[in-house]
Every structure is written in structure tokens, then in C-alpha cells.
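Student: Just so you know, we're using my numbering here: the sequence shown kicks off at 57 and counts up by one. Where a beta carbon is used, it is the ideal one built from N, C-alpha and C, also for glycine. Can you keep this structure in mind? I'll have questions shortly.
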Amino acid sequence: MAEELLKYLVILLFKTIAIKSSIRHIAHFDLDSFFVSVECLKNSKLKGKPIAVGGHSDRGVIASCSYEARKFGVKSAMPVRLAKRLCPELFIVRGDMDSYSKYSRLVTDIVAAQVPLFEKSSIDEFYIDMSGMDKFFGCSKYTQQLRNTIEKESGLSISYGLSSNKLISKVATNEVKPHGQIEIPFGEEKEYLAPLSIDKMPMVGTKTSELLRQMGVETIRILSQIPIEMMTNLLGKNGIELWRRANGIDETPIVPYHEQKSIGTENTFESDTIDINFLHKELARMTEKIAFELRDTNKLTGCITVKLRYSDFQTETIQATIPYTAADHVLLAKAKELFTKLYKRRQLVRLIGVRFSHLVPGNYQITLFDDTEETVSLYKAIDSIKHQYGEQFLIRAAGFNGKRDDKLKVERWLRQFK
57 MAEELLKYLV ILLFKTIAIK SSIRHIAHFD LDSFFVSVEC LKNSKLKGKP
107 IAVGGHSDRG VIASCSYEAR KFGVKSAMPV RLAKRLCPEL FIVRGDMDSY
157 SKYSRLVTDI VAAQVPLFEK SSIDEFYIDM SGMDKFFGCS KYTQQLRNTI
207 EKESGLSISY GLSSNKLISK VATNEVKPHG QIEIPFGEEK EYLAPLSIDK
257 MPMVGTKTSE LLRQMGVETI RILSQIPIEM MTNLLGKNGI ELWRRANGID
307 ETPIVPYHEQ KSIGTENTFE SDTIDINFLH KELARMTEKI AFELRDTNKL
357 TGCITVKLRY SDFQTETIQA TIPYTAADHV LLAKAKELFT KLYKRRQLVR
407 LIGVRFSHLV PGNYQITLFD DTEETVSLYK AIDSIKHQYG EQFLIRAAGF
457 NGKRDDKLKV ERWLRQFK
């Protein structure tokens, strides 16, 4: 009997060790109201006041706002005129992407020096793999120390959640902001999510939320109890993933951070040309193509380069630094301006190219410090259509060269609606 008990305990010990060794420790770090915090570092008089970063005109949009402003109902992507109506004392600060990028790089450098594996998911947000730290310092203690180091060296406030996966850590961080911290022990993921509103769950957008609420689903607990077959019939593959997440399951890996230096494209023509209209259209087509790629990968560019190669193989380039953006209309205007300055020889052109560099993580919307809400809506609609039907089927007239292949593509697309 004693021998069997000993054997059982040994097996149980090995199982416990195996389980513990497979447990991940993922921290989600999120800088609190990042743009506003940077502005407060630059001007201490702004601290504690309802302020927002965004466009100055009433048709502009809010990119970020202080927690003091949020108490009045002000939030990101809100039209400025509505924000001022909710909070008459709201002070609008024009955004400064150079400063935000500088502080983002500073925090990134601190994280990179302290941990072996992390993912930079946006300009102010990080997932950090703390797995293994429990053997040396303790994950909780090391995460706390890292946060203290970031706040001390950058002057910025930051919140974090620590758990066994990215989903739980992100949800937890959002629940304790600003300047909060929380740890969800392994095995308690589902229990933690259960009482939260379904709107707190990533993947649950406005339409999905409305659909679920019509079914009487108000909390993640109820969502987790819906049979997976029903979720599949309701939302397809997304229903399966949503059911898994509602049950606290998320194996999404940490994507190691690597700074992408540039993105670009170029075209060598079948025959050399001096047709200015054709060159302008090619320039517009290529610029629009990689601008969409920027937005699609959640990046902004701070430098644009135009390249020309003449028929004698002489190659010339010109570049300019610009405020960080991923907007077609800004990049197209600058590309055309650079091309005009560059193309002086008036001889046959063999190749033309466009490249964006000085890339930083960030959503297009955060650069709309001067644009209107109509512009925001326009770009959302453009990108949505490109995702649904393919980027080649929605192009600016300036980039349509009228070639037979382009016409055939458009004709095939139009036939879908007949």
C-alpha cells in the first residue's frame, strides 16, 4: 500500500512539474493615455486638467484624451465639436508625432534591455514573455521592477496585467488603468473574465455585441456557456475563437519585435518612356499601394524617397522627412512634389520607385490632428473595400493608367454585381 502511494505521489509530482513548465507568464504593458502623458511632460501646467490631443477645428477628431476629460464622456475618435459640448473646459493640444515616437523608442529600448522576448503591438503597447523569470526572480517581482524602471526613466505612467496568456493580460490591464497592476493566477482565467461585460472581450465589436445582447448575452460568463456548435452556426470560425476566449483560452504566441526600417516598391518599364502623365500615374499607383500596406500593418512613415533610373542607367533619388502619417492624400502630394524636383533631365526613364522609411507603429487615425471626421470615415471605407475585394479594385483615378489588364480587372469585379 505504501509503495503504491509513493508511486502515485511520484507520478503526481512529475505531472505537476510538467504542467508548471508549460505555463506561460505573459505581461501586457500599456502606457496610460500616452499622447496626453507626453504633452504633460512637455508642459507640466496641463497635468490634472481635461485635455485632448487632436484637430483644432470643430470638424477634427480626438486622437487621445486625459482621464480628467474621460469623466465627461470624451473619448478617442470622437468629433471635436461633440467633445467640447460634453466638456466646455476641454483644452485641445495639436499632436506632435516626433515627440511621441521619441518616447515610444525610449520605452522600447528599456524593455529590450530587460527581457529576452517581447512584442510591440502599437506605439504605446507591449506584450512581454516573462516565462522562466519565476525560476530566478519571480515573475511578479520582475514585472513590477520593469514597470518601475520604465516610469523612472521615461517619466510616463504605465499599467500592466500579468497572466498565462495575451488575452487575459490585455483585458486585465484595461480594467486597472490608469497606473494599475494586476496578476491573474494560472487556472483562474475563466473565473476572472466571467463577470465582465461582453464589450470588454476583444473580437466583440458593435455588431457582434448587438447580436449577442439580442440573445440575452450580457456577460462573458453567459457567452462561455453557449454550446460551441451554436457559436459556430452564429458566427462561423469567429464563433469558435470567441467561445475559446470567453473560456479564457488563448495560445496566441508573442511575435518577436523587429524594427522594420522601410517599405517600398519600384517598377522597371518594358520600354523606356518620357510620358509625364504615365510616370505620374505610376507614381500615384505605387504610392497608394504601399500607403495601404502601411495602414494594413499598423505603421506610419516619417520619410519618403522617390527614385528614378534613366535609360543610360544613371540613378537619382530624392527624399524628405514628413510628419508621421499613412494617409494617401498626404503621401501622394509629397511624392509628386519630390518627383517634380527630381526629374530635371527630361530624358527617357527606365525605372521609377517609391520608398517609405522611419517607420513607427501606430494607427492612421492617431495622425489626424488636422483632418476631419469625414476623412477618417473615408479611409476606413476605402480600406474595408480593399480588404474585401482586393486592393487593385479600388484605386485613385490618378493611379489608373488605362492599360488593358487594369480594365479587365475592373470589368471582372463589376460582373460580380450584375
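Is the separation between the beta-carbon of Leu146 and that of Pro106 shorter than 7 Å?
Tutor: By 1-based counting over the sequence shown, the position of residue 146 is 90. By 1-based counting over the sequence shown, the position of residue 106 is 50. Result yes, Cβ atoms of Leu146 and Pro106 sit closer than 7 Å.
Student: Can you list, in chain order, the residues of its chain whose CB lies under 7 Å from that of Ser177, leaving out five sequence neighbours each side?
Tutor: As a working note, residue 177 is residue 121 in the sequence shown. So the qualifying residues of the chain are Tyr183.
Student: Which residues share a DSSP beta bridge with Ala108?
Tutor: Looking up residue 108 in the sequence shown gives position 52. Answer is Cys121 and Ile148.
Student: Let's test the definition: count the other Cβ atoms within 10 Å of the Cβ of Val130 and tell me whether it reaches 16, buried, or not, exposed.
Tutor: Position 74 of the sequence shown, counting from 1, holds the residue named residue 130. The residue in question, Val130, is buried, as its Cβ has 16 or more Cβ neighbours within 10 Å.
Student: With a threshold of 7 Å on Cβ separation, who are the neighbours of Gly320 within its own chain once the five nearest residues in sequence on each side are excluded?
Tutor: Working through the sequence shown from its first residue, we reach residue 320 at position 264. Closer than 7 Å at the Cβ level, and outside the excluded window around Gly320, lie Ile346, Gly409, Val410, Arg411 and Phe412.
Student: What does the Cβ neighbour count give for Lys337, buried or exposed, with the cut at 16 atoms within 10 Å?
Tutor: Counted from its first residue, the sequence shown places residue 337 at position 281. Counting Cβ neighbours within 10 Å, Lys337 comes out buried, since at least 16 surround it.
Student: Check whether the Cβ atoms of Ser132 and Ser89 lie closer than 7 Å to each other.
Tutor: As a first step, residue 132 must be located in the sequence shown, where it is residue number 76. As a first step, residue 89 must be located in the sequence shown, where it is residue number 33. Not in contact: Ser132 and Ser89 (Cβ atoms no closer than 7 Å).
Student: Might you give, ordered along the chain, the residues of its own chain that have their beta carbon closer than 7 Å to the beta carbon of Thr164, omitting 5 neighbours on each side?
Tutor: Sequence index remark: in the sequence shown, residue 164 carries index 108 (1-based). Within the same chain, Thr164 has close Cβ partners Lys176.
Student: Over what stretch of residues does the beta strand (DSSP E) that includes Ile214 continue unbroken?
Tutor: For the purposes of this step, residue 214 is identified with residue 158 of the sequence shown, where counting begins at 1. Element bounds for Ile214: Ile214 to Ser219.
Student: Please confirm whether Ala389 and Thr199 have their CB atoms less than 7 Å apart.
Tutor: In the sequence shown, the residue the question calls residue 389 occupies position 333. In the sequence shown, the residue the question calls residue 199 occupies position 143. Contact flag unset, no.
Student: Rounded to the nearest angstrom, how far is the Cβ of Thr259 from that of Glu297, given a contact under 8 Å?
Tutor: One-based indexing of the sequence shown puts residue 259 at position 203. One-based indexing of the sequence shown puts residue 297 at position 241. Per the sequence shown, the amino acid found at residue 259 is Met instead of Thr. Right, their Cβ atoms sit about 7 Å apart.
Student: Are three or more beta carbon pairs between the stretch 379-389 and the stretch 397-405 nearer than 8 Å?
Tutor: At 8 Å Cβ cutoff, the stretches do not touch.
Student: Kindly indicate the opening and closing residues of the alpha helix (DSSP H) around Glu95.
Tutor: To locate residue 95, count along the sequence shown from 1; it is residue 39. It spans Phe90 to Lys98 - the alpha helix (DSSP H) in which Glu95 sits, taken as one unbroken run.
Student: At which residues does the alpha helix (DSSP H) containing Arg301 begin and terminate?
Tutor: Against the sequence shown, residue 301 aligns to sequence position 245. That run of the alpha helix (DSSP H) goes Lys293 to Ala302.
Student: Nearest by alpha-carbon distance to His81: which of Ala383, His314, Glu326 and Met186 is it?
Tutor: Within the sequence shown, the letter at position 25 stands for residue 81. Minimum Cα distance to His81 is reached at Met186.
Student: Return yes when the Cβ of Leu356 is within less than 7 Å of the Cβ of Ile374, no when it is not.
Tutor: Residue mapping note: residue 374 aligns to position 318 of the sequence shown, counting from 1. Residue mapping note: residue 356 aligns to position 300 of the sequence shown, counting from 1. In this structure, Leu356 does not lie closer than 7 Å to Ile374 by Cβ.
Student: Can you say whether Val311 is buried or exposed, counting buried as having 16 or more other CB atoms within 10 angstroms of its CB?
Tutor: Taking the first residue of the sequence shown as 1, we reach residue 311 at position 255. Answer is exposed; the Cβ neighbour count stays below 16.
Student: Since Ser100 contacts Ser213 with CB under 8 Å, what's their CB separation in whole angstroms?
Tutor: Sequence index remark: in the sequence shown, residue 100 carries index 44 (1-based). Sequence index remark: in the sequence shown, residue 213 carries index 157 (1-based). About 14 Å separates the two Cβ atoms, so there is no contact after all.
Student: Determine which residues share a DSSP beta bridge with Arg411 and list them.
Tutor: Numbered from its first residue, the sequence shown carries residue 411 at position 355. Per DSSP, Gly320 and Thr361.
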